[in-house]
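Per the working numbering, the very first residue in the sequence shown carries number 26; after that it's consecutive. The block underneath contains the structure these notes are about, expressed in structure tokens.
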Amino acid sequence: ALENYQHAYADAYGLNRIASVKQVSSQGVEFNLRQQLNQWWQWAASFGVNSSEIDAIDGFSDPMIKVAVGTRLPNTAKNTGHISINYKNDIAQQW
26 ALENYQHAYA DAYGLNRIAS VKQVSSQGVE FNLRQQLNQW WQWAASFGVN
76 SSEIDAIDGF SDPMIKVAVG TRLPNTAKNT GHISINYKND IAQQW
């Protein structure tokens with residue numbers, strides 16, 4: 026668990042505000058696959074699942090930013106993914 030997290034956000038007037046979150050818990054899993062196709066080409070893929078939750082807050086809960094006990098921490102992804110293809114070759118013998 027992460028303690029004393031400061032969450033920055035813009036309010037309805039465009040002003041920067043800070044919400045003080047006393048404790049946050051986060052857990053997840055990530056899977057990665059990578060394969061060398063031949064001497065030049067390689068591909069990779071990954072997928073992650075994350076669960077984050079606010080456990081305790083300092084002060085009051087602002088309904089505009091949804092920082093309340095039991096809710097997901099704002100700006101955290103539920104799922105992440107990545108796919109890439111890489112090509113590798115020498116530019117020249119003398120390079």
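Heads up, the beta-carbon is just placed ideally off N, CA and C, and yes, glycines get one too. All of these numbers come straight from a predicted model, not from anything done at the bench.
Query raised in the report: Does DSSP put LEU58 in a helix, a strand or coil?
Result: strand
Report task. Compare the beta carbon distance of ILE79 and THR96 with 8 Å and say whether it is the shorter of the two. Result -> yes
Query raised in the report: Going by C-alpha distance, which of VAL49, SER45 and ARG59 is nearest ASP83?
Result: SER45
Report task. Mark VAL49 as exposed unless 16 or more other C-beta atoms lie within 10 angstroms of its C-beta, in which case mark it buried. Result -> Buried: at least 16 other Cβ atoms inside 10 Å.
Requested in this report: Count the other C-beta atoms from every protein chain shown that fall within 10 angstroms of the C-beta of LEU40, then say buried if there are 16 or more, exposed otherwise.
Outcome: By the 10 Å Cβ count, LEU40 comes out exposed.
Query raised in the report: CB-CB under 6 Å to TYR30, same chain, minus the five flanking residues each way: which ones, in chain order?
Result: Hits under 6 Å: VAL46 and VAL49.
Query raised in the report: To the nearest angstrom, how far is it from the Cα of ARG42 to the Cα of ALA81?
Result: 19 Å
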